[in-house]
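Reviewing the structure listed below.
There are 2 protein chains.
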Amino acid sequence: MRHLIKVFKALSDGNRLRILKMLEVRPLCVCEITEVLQLAPSTVSKHLALLRDAGLILDEKIGKWVNFSTNDAPNQSYVSQLLPLLQQWLPDDPQIQRDREKVLAVDRDQLCKS
Amino acid sequence: MRHLIKVFKALSDGNRLRILKMLEVRPLCVCEITEVLQLAPSTVSKHLALLRDAGLILDEKIGKWVNFSTNDAPNQSYVSQLLPLLQQWLPDDPQIQRDREKVLAVDRDQLCKS
DNA sequence: TCTACATTTCGCCATTTAACGAAATGAAAA
DNA sequence: TTTTCATTTCGTTAAATGGCGAAATGTAGA
């Protein structure tokens, strides 16, 4: 039960839901997510750690950046059944739509230097 | 998105998950749930209000008692897709199993007078 | 009407959570 | 090696959360 609670807790925050819906578009690094959510990098990092610990996302270090992506082939059954549901939810949410447009416009190399 | 967050928040507490799994056995009143969870009635009432506001359970006042039951025909799509998943989860959790045995043993008329 | 009692509401307290900035970490580039 | 910079960790603060007991609510039965 502990793991299930951890998954639901991870899903019960608006900013973390926004992150998951952004990652449906493509993998992202911390500074890209920071730009879209307009939060402090340390805050975004904490959200991502929570999502990772719940098994909802994966992180892969590539050079200077860490790429975060949705955990599409999870061995945990909770996540493998919840992620497809989440993918079909909130398609018309204006906040989510704005986030996704921003994701498409964001360029990592331009963004992260400033 | 607000409603989805409310549903996930309602699901992200151990005692509320225990309540939902108990209600899979049969409808229950506050004092029966109080007996199984060993919490104060006011605390249980608060948990139930949260689950009701999320659309996960229904309440029906019958005389002195209020019967709570899982919302099996919900018009909200989140709940209608999540409840079947929850029903197939945690079948072997020892805590959940103990709760269900207690539910079967509890007698409302004997219990609530004390 | 008066009493009993299941439930809810209110006020309070301890813990958790989400946010921030500053400092630490670690890899790439100069 | 030294600097740069993406990311994480740490410490702090304000708000949310889960718990309790006491008081309020409302219905059933005497």
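First to last, the protein sequences are chains B and C.
Quick note on my numbering: the first sequence kicks off at 19 and runs consecutively.
Quick note on my numbering: the second sequence kicks off at 19 and runs consecutively.
Every residue, glycine too, gets a C-beta built ideally from N, C-alpha and C.
This structure is a prediction, so every number in the text was calculated from the model and none was measured.
Query	Result
is_contact[K131(B), chain C] using C-beta, thresh 8 Å	no
I80(C) to R20(C) span [Cα, whole Å]	32 Å
Contact list for M19(B) against chain C, beta-carbon separation under 8 Å	G32, L35, L108, D111, Q113 and I114
Any chain C beta carbon closer than 8 Å to Q12(B)	Outside the modelled stretch of chain B, which goes from 19 to 132, sits residue 12(B), for which no answer is possible.
Beta-carbon gap between V62(C) and V48(C) smaller than 8 Å	yes
Segment contact flag, the region 81-95 of chain C with the region 56-73 of chain C, C-beta cutoff 8 Å, min 3 pairs	yes
Under 7 Å (Cβ pairs) to chain C, residues found in the region 61-88 of chain B	none
Cβ-Cβ separation, L122(C) to E53(C) (assumed contact under 8 Å), whole Å	Between L122(C) and E53(C) the Cβ distance is about 13 Å, and since that is not below 8 Å, they are no contact.
Exposure of K4(C), with buried meaning 16 or more beta-carbon neighbours within 10 Å	The question about residue 4(C) has no answer here: the residues shown for chain C are numbered 19 through 132.
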